[in-house]
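Printed below as a string of structure tokens:
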């Protein structure tokens, strides 16, 4: 149980949530983004469910992860996630709002089988100590959620001219923005912006550390 | 020049005109010949004679794998270095020696012909190889036809035509000797010219030994009936005849001097080693040329000093004015380079793989078939160095570079 | 609309594979195809396994779904049953492959779980009863079409990646961003087909 | 010695800009005929489209901090093709948006003029057709007078031959009107004879590959003959109506021959043309819109590399035999 300083946890969180964002850099968990995130409400619900499920399953897997033979690890991990998501779907439908469940009937349960969990199932267990495991799970869910809300919000603004179902005084009316091609193109632009920011940050980092030959970027 | 694309070849309006119809000029003053002291594959040559010796034509001047021979009678004046390559300077004394009576060449046996050819060190001007070795190679190969190639398929050169017009009969006899030495019974001279010059030259040659190349394409095809054929240079045949008839060393060559900076383009009969400045002062320069080209405009080598000599294997010399180098664009995939490649390759695909360092796919594109005719680089509308990339592809086709191509590391 | 005649089932198969490609019109399995282009190993075998798992899961799920009836709670448990089924098929497959052809199993061991438990298998099996009513033929046709459509998009991605490997690629778009744009333009191109058979 | 260019010192005079110039020259009669048919607003639409395409190319080059030279003319050709496929009474933001999409999202991210995987004009038009189909397919009626205004003119709208085919199954226009262009439709694609003349010019100047265009039109003709839209029209009438409606002929000549996105090998040209033809007819029968040429072209652009490799593999035995014959 290697205890790390607070700063290390913060960089770990920032790294996983933004710098090497799961969706924009690894290309993981696109299915809910393309099909499901058409309104901000959908995105937020999916974000909450994904975060809760990811954190709980990673804690659960830490507990029994070591004893499982490697063949069983992915199925058990996915089964837990799917069971949790069914529970959340039931709670959503019973207490929060039935029409939200109706619009997310397909993509909420699919969250469990996306590469998000499979990717996470592979690397997380055993690679980090539990506390870092928890931070890693939460930060990757947070990163996934940020992109989800960004895409969902933008598409809702453009296609329905409402944000969280409150109408906006906007001239543009493009119902096709809720189609998958708009989501793919938007993701491409966001990924390019992130990659450009990362390369700029990397260049700045190289320039500051003086190289052996006396620095001076030629 | 505007280019058209017959099937898998290139055709263009020729710029031979003022030089092709003029008679061959001779050098007006005794040139200072320069012979290089390192041969083609870089082996050094050390001179055998001391300074200020007079040398006879054909006398061996240096030792080494491919020794140098004196083209004319002259004096070994100095050792110059141009672009860090050492040259022997020989000041010519007499260009044309007196000619003894010609021996009867028709009764010579093949071995005597090859011996005479080796003694005279005849060099084939098509590829700069020794004629003796080439004839031996042709004898082994299953070639059934020997062609004396007088076709200058590149825009400026017309040396073959000038040689035939000046020494037509001797070239035919030389070809007969070469065919006898190589053991091939069917032989002819291949020429591409307008009808009147063709008829004029056909009169000087024995009946049926001159064949006309009707297709105005580059690179030209030698054997049409699919019969495997071997090609020999016309000037090499002339040199072979003079070697057998007079035992004379092969020291002279006809070279076309042309280019948009030359005031009077013409063919010049000159000894090997004549520096470019000599030739361009003879033909006159309109204005300051930007670069000189040893060889024709498609496959020549660019040099920027005019002190370099003309060596065997060069049949055309150009002086080109300065023109704005055209902007190079990305390959737009028009497919013209594939349409003109006479070896049926895909130059744009090979260039793309080489440029993007994806070498595992190269062997299947077989870049080794390329014979360096540069037709693809001529037609490329994006002015890309396609030919150089394909040549680079030939050495690279073995290498594997991890990482770039998705499937490269399989 | 409940569809039972084999003609409509064939239509659904063609729609799911080509006209309304499940990956490009609903985004199911798009992450998996992107990830597949980055893993080496035998990919045709992977696609074949995915096809087999999709069809088997659809076949088994149908009777179980009838048993459960169509109560609201039953509809919520469907995803869990589907995941459980595909997990069972996956374990069965590993057991069979390890016994019958260990060499093939070694080759595909790393990616086999993703061939069984992924959004294509689960999504197709979830969509069929919801959109087209109770029919075994439709379930199988949709799952098979989804698997074929997935492999088609994977092939297009490989071709695209090969065409994008050049030095003039702007650095901020090289790699994944350009792949997203490539998928976006393909999805736009598929909008030309009418959506009278739609999957959402 | 270092700055000396290598081997070929005499270069073919045709370069990328003359190729684009040929394409622009071949398109100019279509613009002129559009002006005759639909009035002067056509020049406004075409002008704004070209200017916006050039501006977006410069803007993209500036953003990527890489100077994009407009001399290779591909941006101008994109702008012109997009404007020629829109109705004369189209609101002006439609061509601008199409050019923006075509250049910013399809051409520049993939590496600029020589490296784009998709035809930017087709992609821009597909985007505009998908999102603003009520503007794109609102063709002005034949006798309507279109005022020369920046705003969208109120003009009574009539259905184009493709629209009539989609709904009714047979068009009310005679074959003479179809060929001459007395028909409601987009700006540049109605006068079939003018387009054929431009095509011949392009084939002579080697700007376009005849195999590509002919194979695409042949595939469409065969499908039109086999599957007429409605039972009562004969097979040759069906071919005439299908080919002369929508922008099939225009697309087959100009958009199909974009050298960057079409295959290189002559055999692959035939396969590519047939694939685009078949997909276009499929989209006309089962598609959402009356004309699906742009969508079909985008799909085939993705696989044009495969056609090339397939053609190269198909001719491998012939190349081996030729290699043995040459000593």
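Chains as they are written, first to last, in this note's numbering: chain A, 8 to 225; chain B, 587 to 996; chain C, 406 to 605; chain D, 2 to 328. Glycine is no exception: its CB is placed at the ideal position from the N, C-alpha and C atoms. Remember, it's a predicted structure, so these values are computed and weren't measured experimentally.
Beta-carbon gap between residue i and residue j smaller than 7 Å
i: residue 844/B; j: residue 904/B; result: yes
i: residue 604/B; j: residue 851/B; result: yes
i: residue 902/B; j: residue 873/B; result: no
i: residue 432/C; j: residue 42/A; result: yes
i: residue 269/D; j: residue 308/D; result: yes
i: residue 30/A; j: residue 154/A; result: yes
i: residue 76/D; j: residue 54/D; result: yes
i: residue 58/D; j: residue 50/D; result: no
i: residue 926/B; j: residue 975/B; result: no
i: residue 107/A; j: residue 158/A; result: no
i: residue 125/A; j: residue 65/A; result: no
i: residue 677/B; j: residue 618/B; result: yes
i: residue 524/C; j: residue 490/C; result: no
i: residue 581/C; j: residue 93/A; result: no
i: residue 119/A; j: residue 85/A; result: yes
i: residue 686/B; j: residue 837/B; result: no
i: residue 708/B; j: residue 826/B; result: yes
Residues near residue i by beta carbon distance below 6 Å, same chain, minus five either side
i: residue 602/B; result: 744
i: residue 879/B; result: 886, 888 and 904
i: residue 755/B; result: 790
i: residue 828/B; result: 834
i: residue 86/D; result: 126, 187 and 248
i: residue 154/D; result: 90, 147 and 148
Contact set for residue i: own chain, Cβ-Cβ below 7 Å, skip 5 residues either direction
i: residue 710/B; result: 717, 720, 818, 819 and 822
i: residue 978/B; result: 940
i: residue 990/B; result: Low confidence applies to residue 990/B: its pLDDT is 46, below 50, so where it sits in the model is not reliable enough to give any reading.
i: residue 51/A; result: 156
i: residue 996/B; result: Because the pLDDT at residue 996/B is just 36, under 50, the model does not fix this residue reliably, and the point stays unresolved.
i: residue 545/C; result: 460, 463 and 464
Start-to-end residues for the beta strand (DSSP E) that takes in residue i
i: residue 595/B; result: Residue 595/B -> no beta strand (DSSP E), and no H or E assigned at all.
i: residue 818/B; result: 815 to 819
i: residue 772/B; result: 772 to 777
Closer than 7 Å at the beta carbon, the chain E residues around residue i
i: residue 12/D; result: Annotation note: the requested chain E is absent from the structure, which comprises protein chains A, B, C and D.
Identified DSSP bridge partners for residue i
i: residue 716/B; result: 709/B
i: residue 672/B; result: 667/B
i: residue 902/B; result: 842/B
i: residue 619/B; result: 676/B
i: residue 598/C; result: 288/D
i: residue 888/B; result: 879/B
i: residue 257/D; result: Residue 257/D pairs with nothing; no bridge assigned.
i: residue 170/A; result: 173/A
Residue span of the alpha helix (DSSP H) that contains residue i, given as start and end
i: residue 97/A; result: 77 to 98
i: residue 917/B; result: Premise fails: residue 917/B is in no alpha helix (DSSP H) and is neither H nor E.
i: residue 735/B; result: Careful: residue 735/B lies outside any alpha helix (DSSP H), inside the beta strand (DSSP E) at 731 to 735.
i: residue 927/B; result: Counting along the chain, residue 927/B falls outside any alpha helix (DSSP H), and DSSP gives it neither H nor E.
i: residue 211/A; result: 187 to 215
i: residue 197/D; result: 193 to 205
i: residue 450/C; result: 448 to 473
Cβ-based neighbour list, residue i, same chain, cut-off 8 Å, excluding 5 preceding and 5 following
i: residue 195/D; result: 30, 31, 34 and 182
i: residue 438/C; result: 428, 555, 558, 559 and 562
i: residue 649/B; result: 631, 632 and 634
i: residue 142/D; result: 156, 157, 158, 159 and 185
i: residue 43/D; result: 32, 35, 36, 89 and 188
Task: beta strand (DSSP E) runs wholly inside the region 304 to 328 of chain D, at least 3 long, in chain order - done: none
Task: Continuous alpha helix (DSSP H) assignments of at least 4 residues falling wholly in the region 931 to 980 of chain B - done: 933 to 941, 948 to 951 and 961 to 965
Open item on the list: So within the region 8 to 76 of chain D, which uninterrupted alpha helix (DSSP H) runs reach at least 4 residues, ignoring any that extend past its ends?
Closed with: 17 to 39 and 42 to 64
- [ ] Taking only runs that begin and end inside the region 605 to 659 of chain B, name each unbroken beta strand (DSSP E) of 3 or more residues, in chain order.
- [x] 618 to 622
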